[in-house]
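Colleague: Quick one: this structure, given as C-alpha cells, is what I'll be asking you about.
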Amino acid sequence: IEASFLFSLIWSVGAAVNSDGRKTFDRELRKILNGTPGEEFARFVREGSERKMRKPIPKNGEVYDYVFDLEKGYWEEWMKIVPKQEIKPTAEYSQIIVTTLDVVRYTHLMRMLVANHSHVLLVGPTGTGKSRYIIGLLNHLDAQHWNSMVFNFSARTSANMTQDIIDGKLDKRRKGIYGPPPGKRCVIFV
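Take the position in the sequence shown, starting the count at 1, then add 405; the result is the number in our numbering.
What follows is the structure, encoded as C-alpha cells:
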C-alpha cells in the first residue's frame with residue numbers, strides 16, 4: 406500500500422511542477438524517504454514512529470523515472486514496461502508516435518484513470534502530442550466495455566450543438582437521461 410501511495414503522491418502533488426520543480430520535489434521527497442527531512446518537515450512530524458520503506462524507490466535517476474508494478478511488487482523503470490515498438494512501413498508519418506519516456510508515463514497514467522472511471526485533464530504546449538496520446542488510448546480500449554467519442558470544437562461550436570451531438574451518440578434511457586449501452590462506459594475526448 407505504501408508504494409501505491411508514494412506513486413500517487415508523485416503523480417498528483419509532484420506532477421504539478423515544472424522541470425526545476427521536479428528536481429526539487431525529487432530531492433525533498435528522497436530526504437523524507439531516507440529519514441533525513443529538512444527542519445520544516447521534522448517540525449511537522451515530531452510525533453510518530455520512524456521506519457524505512459518496505460519497497461523503496463531505486464536511488465538512480467529521479468522518482469519520476471519509476472512505476473510501481475503491483476503484480477510483481479517492485480519499482481520498475483518506465484521504459485522497461487513498454488513492449489517493443491514496430492512501425493508498419495505503410496504507416497503515415499503524421500500518425501506515428503515514437504515511444505518516449507513521456508509517452509509511456511502519460512499513457513499509463515491515463516489508462517489507470519480511465520480504468521477507474523476518473524476524469525482526465527491533459528495539458529501542455531501546442532504540438533506536443535497530447536491529442537495523439539489520447540486517441541491512441543481510445544483506440545486500445547476494449548470495445549466490448551467502452552464507447553468513445555472524439556470532438557473537435559471551433560469558434561462556432563455552441564453548448565447546444567455539443568449536447569445534441571453527445572445525446573445523438575448515446576442511448577436514451579428515459580426522458581432526459583442518456584448513456585452508453587448497458588454494461589458499457591463512455592469516454593468523451595474534447
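Backbone N, C-alpha and C define an ideal beta-carbon position, used for all residues, glycine too.
Here the structure is a predicted model, which is why all the values come from computation and not from measurement.
1) Indicate whether Leu506 and Trp483 have their beta-carbon atoms separated by less than 8 angstroms.
2) For the stretch 406-426 and the stretch 461-470, state whether three or more C-beta atom pairs, one from each stretch, are separated by less than 8 angstroms.
3) Distance check for Lys436 and Ile571, CA to CA, integer angstroms please.
4) Roughly how many angstroms separate the alpha carbons of Tyr511 and Tyr538, rounded to a whole number?
5) Looking at the unbroken beta strand (DSSP E) that takes in Asp576, where does it start and where does it end?
6) With DSSP run on the structure shown, which of helix, strand or coil describes Val509?
7) From Leu546 to Thr441, what distance separates their C-alpha atoms?
8) Look at the alpha carbon of Ser499 and the alpha carbon of Gly534, and state the distance between them as a whole number of angstroms.
9) Can you look up Ile582 in the DSSP assignment and give me helix, strand or coil?
10) Please classify Ala408: is it buried, with 16 or more other beta-carbons within 10 angstroms of its beta-carbon, or exposed?
Modeller: The structure says:
1) Here residue 506 refers to the residue found at position 101 of the sequence shown. Here residue 483 refers to the residue found at position 78 of the sequence shown. The answer is yes: Cβ separation under 8 angstroms.
2) By the Cβ criterion, the stretch 406-426 is in contact with the stretch 461-470, since at least three pairs of Cβ atoms, one from each stretch, lie closer than 8 angstroms.
3) What you label residue 571 is simply residue 166 of the sequence shown in a count that begins at 1. What you label residue 436 is simply residue 31 of the sequence shown in a count that begins at 1. Between the C-alpha atoms of Ile571 and Lys436 there is a straight-line separation of about 49 angstroms.
4) For the purposes of this step, residue 511 is taken as the residue at position 106 of the sequence shown. For the purposes of this step, residue 538 is taken as the residue at position 133 of the sequence shown. Per the coordinates, the alpha-carbon of Tyr511 lies some 8 angstroms from the alpha-carbon of Tyr538.
5) Walking along the sequence shown from the start, residue 576 turns up at place 171. Segment 576-579, the beta strand (DSSP E) holding Asp576.
6) Along the sequence shown, one-based indexing puts residue 509 at 104. Looking at Val509 - three-state DSSP - the assignment turns out to be helix.
7) Here residue 546 corresponds to residue number 141 of the sequence shown, with the count starting at 1. Here residue 441 corresponds to residue number 36 of the sequence shown, with the count starting at 1. So the two alpha carbons sit approximately 43 angstroms from each other.
8) Numbered from 1 along the sequence shown, position 94 holds the residue referred to as residue 499. Numbered from 1 along the sequence shown, position 129 holds the residue referred to as residue 534. The straight-line gap separating the alpha-carbon atoms of Ser499 and Gly534 is approximately 11 angstroms.
9) As a working note, residue 582 is residue 177 in the sequence shown. Of the three classes helix, strand and coil, the one that applies to Ile582 here is strand, per DSSP.
10) Numbered from 1 along the sequence shown, position 3 holds the residue referred to as residue 408. So Ala408 counts as buried.
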